[in-house]
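Since the structure comes first, as C-alpha cells, the remarks are kept for the end.
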Amino acid sequence: MAAHRARTGPRVGHSPPEETRVGTPDEGDGTAHIPPETPASASGEQVTAASGRRARMTSAEVGFTAPDEVPPKRRTAVSLVLATPERPRRRTAVLPDVRHRTRKERASIGKDARGDVPRSAHAELDLGADRPDPIALLQGQARTRLPELVPIRYGRMLESEFAFFRGAALVMASDLSRTPVTGIHAQLCGDAHLSNFGLFASPERRVVFDINDFDETLPGPWEWDLKRLAASFEIAGRENGLPARTRRPIVERVVAAYRAAMAGFATHTNLTVWYEQLDAEQFIDDARSRVQRRMRDHVIAPAERSIAKARTRDSMHAFDTLTHVVGGEPRIIADPPLVVPFSDLTEMEDEATWAHRQLQLYRRSLPAERRYLLEQYRFVDLARKVVGVGSVGTRCYIVLMLGIDNRDPLFLQIKEAQPSVLERYLGQSEYANQGERVVTGQRTIQSSSDIFLGWQRVDDAVDGVPHDFYWRQLRDWKGSVDVDGMHPAMLSGYAGICGWTLARAHARSGDRVAIAAYMGKKPVLDEAIAEFAAAYADLNARDYQALKAAVADGRVIADTAFT
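Here you go:
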C-alpha cells in the first residue's frame, strides 16, 4: 500500500501544483478538474472474446440466495488522488468524444487506469479536516426552494438515517469529489440509491425495472453512482437490523452484479446493449424455477405483489384518488400544504390561459406524433404537489387533463429541474435548460422512457423568476420495492438486480470495455466498495445526528407532521 501511495500522489487534503482532482466548491469558480483520458496502449489484453450471445440478466446472475453468514474481511483503505499534469479546467460536463477504438485499445485504457488508481483505493473515505459542513450544504441548497416547504423536507429527512441519506445527494456529491476516480466517465443518474430504482410501463405495455429518478443526471465518474448505490444498501441493511456479517455480502453483491454485467456488455454490440432491458414479469417467471421452494414466500411472492400493484397505478387510479367533482367538473382535491390548487397560489385572473401557454411551450419538446396525442386532451386543473424527500421544496405540479370523457384522464407531473448537485464538482451542464438536461439524461440511461417526457422554461412564473421544468406522466404502472423489513435473501436479490441495471445504464454511454477491464474478474473492487459503503454509512449516521442537533438548537426548522 505504501508503494501505491508513493506512485500516485499525496493524501487527500494536500494540493501540489501537479495534482488533479475532481473539483470542490472552494476551488475557484467551482468547475471541475477532469483527469485527462489515459492514452490507448499497444499492450493489454482484450477483456473477453466478442460474442453474439445476448447480454440478458438471469435470476442466477443476481443470486436469489441468502447471503453467507461469514465475518467480513477487513482491508486497509488507501488514500489516493489521481495525479496528472495540469490542464485547463473543463467548464462543461460532457460525455467523452466518441472514438472508434478497438476492443483491445479500450481494454488497455481500463487496465492502465489500475496503475493510477488501484481497485483497492476505492475503499478510501479520507475526506480531510476541511470537509464542508453537511448542514450548511443543505441550507445553501434550500435557498432556491420554496421557503414554506423547506421545513417539510427537513422533517422527512429526520425520519431515519436512510431518509436523511435520500435527501443528502449534495452532501455525498461533495464527499465523492474527494475520492479517487479512474477518469472513465458515463452518463450518471447522480442519485443512484436503492429507492430510485423501480417498476413502470414501457411504451409496449410491459412492466420493466429501471432507474426512475434523473433530477441529478450529468456525465461523470461511473464509480460515483456505484458507491452511492452500495452505500444505500449498507444503510438500509442497518435499518433492517441486519448484522454486519449479513450486510457485507449484500453490499458486495451490488458491485459483483455490476461487474459481471459490465463484463458481459463489453463483449456485445452497441445495438444489443442499447436494446437491453429488464422485463420484470419475465424475470420473475425465470426466477421461480431457480429459487428454493422454502424461499419463494420471501422472494417471488413479494415481487409478484409489487408488479400487480404497479399495474393498478395509472392515470385512472390517480383520477379516482386525487380528484372530486365540483360544479359538474372534476377538480384536484386540496390537501395543503402537500396538495394546493394553483388558483390558491396566485392572483392570476385567467389561470386556464396561463396553463394553456405552458402546455404549448412543453409540447414543442415532443415528437410530432406525441404532440398530436397530447392535443386530444383538454386542460382541466392544475395543483402544486409535494413529492419525495430530496425534491421537497422544488416547484412540482400535477396537471389533470381529460380526453373523450371523464373516464379518459391523463395526469401529468411537472417537476422543476434545478442544476444537478454534481455540477459544482464536475462542471455545468451542456444544456442551457435544466429540464432538457434531465430528459436527455433519462433517455440516455433508461431502456424505455415515458412517451410524454418533455421540458420547458417558464419565464412568467408566479414569483417572477424563470424556472426550468420537465414533464412526464404522474403514474404509468409506477411501482417501487419496499425494503423495510425485507428478508435478507430478497434484499440480496434486489441488490443484484440494481447492480445489473446500473451497469446497463452506464454501458449505454460509457466505455463499457474500459470499465470492465478496470474492474477485472476478481472481487477486489467488490470488497473495496463494500468497505467504502460501511465507512460512509458511519459518516451518514453522524450527519443525521448533526441535523437532529441543528433542529434541536433552532438552526434548522423542521416540520415532522408530513412524513
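Numbering-wise (the working numbering), the sequence shown opens with residue 82 and increments by one. Even glycine gets a Cβ: it sits at the ideal position worked out from N, Cα and C.
Of Gly409, Ala576, Val468, Asp607, the smallest CA-CA separation from Met238 is found for Val468.
Residue state for Leu440 is assigned as helix, using DSSP reduced to three classes. CA-CA distance, Thr641 to Tyr625, rounds to 15 Å.
Secondary-structure assignment with DSSP links Ser510 through a beta bridge to Ala174. The residues Leu275, Phe278, Leu310, Val335, in chain order, have a CB closer than 7 Å to that of Cys579 in the same chain once the five nearest residues on each side in sequence are set aside. Ranked by how close their Cα comes to the Cα of Ser530, the residues Gly301, Arg556, Asp401 have Arg556 in first place.
Distance from the CA atom of Gly474 to the CA atom of Arg287, rounded to whole angstroms, is 33 Å. Collapsing the DSSP output to three states places Phe243 in a helix. Given a length threshold of 3 residues, each whole run of the beta strand (DSSP E) inside the region 390 to 453 is given here in chain order: 404 to 407, 410 to 413, 420 to 422. Contact between the region 555 to 569 and the region 310 to 329 is present, with at least three C-beta pairs closer than 8 Å. Taken in chain order, the complete alpha helix (DSSP H) segments of 4 or more residues contained in the region 239 to 326 are 242 to 248, 250 to 257, 303 to 320. Cβ-Cβ separation between Ser446 and Gly535: approximately 4 Å, consistent with a contact (criterion under 8 Å). Boundaries of the beta strand (DSSP E) around Leu481: 477 to 483. The beta carbon of Ala267 sits closer than 6 Å to those of Trp303, His587, Ser590, Gly591, all from its chain and outside the five residues before and after it, given in chain order. For His548, the enclosing beta strand (DSSP E) starts and ends at 548 to 554.
By the C-beta criterion, the region 225 to 245 is judged not to be in contact with the region 253 to 267, since fewer than 3 inter-stretch pairs fall below 8 Å. Pairing Gln358 with Ser561 gives a Cβ-Cβ distance that is not under 7 Å.
In the DSSP assignment, Ile596 falls within the unbroken alpha helix (DSSP H) covering 593 to 600. Taking the Cβ atoms as the reference, Ala244 lies roughly 6 Å from Val470, within the contact range of under 8 Å. In the DSSP assignment, Ile495 forms a beta bridge with Tyr478, Trp552.
According to DSSP, Ala210 shares a beta bridge with no other residue. Measuring C-alpha to C-alpha distances from Asp486 to each of Tyr458, Gly508, Val539 identifies Tyr458 as the nearest.
Residues of the same chain with a CB within less than 6 Å of the CB of Gly271, apart from the 5 flanking positions on each side, are Glu297, Thr298, Leu299, Ser501, Leu503 in chain order.
A straight line joining the alpha-carbon of Asp462 with that of Leu419 spans about 16 Å.
Annotation for Arg623: no beta strand (DSSP E) segment contains it, though the alpha helix (DSSP H) segment containing it runs 605 to 633. At the C-beta level, Ala337 and Ala597 stay beyond 7 Å of one another. Relative to Ile495, the option among Thr350, Gln439, Leu426, Thr393 whose CA is nearest is Gln439.
Per DSSP, the beta bridge partners of Gln537 are Phe550. Lys466 has Val420 as its beta-bridge partners, per DSSP.
Between the C-alpha atoms of Pro330 and Leu491 there is a straight-line separation of about 43 Å. Look at Leu359 here: in three-state DSSP terms it is strand. Scanning Val332, Gln499, Gln509, Gly196 for the CA closest to the CA of Leu176 turns up Gln509.
Arg340 and Gly601 have their C-alpha atoms roughly 8 Å apart. Under the DSSP assignment, Lys185 falls in the alpha helix (DSSP H) whose first and last residues are 184 to 197.
Of the residues assessed, Lys603 falls on the exposed side of the cut-off, its CB having fewer than 16 other CB atoms within 10 angstroms.
Under the three-state reduction of DSSP output, Arg459 falls in the strand class.
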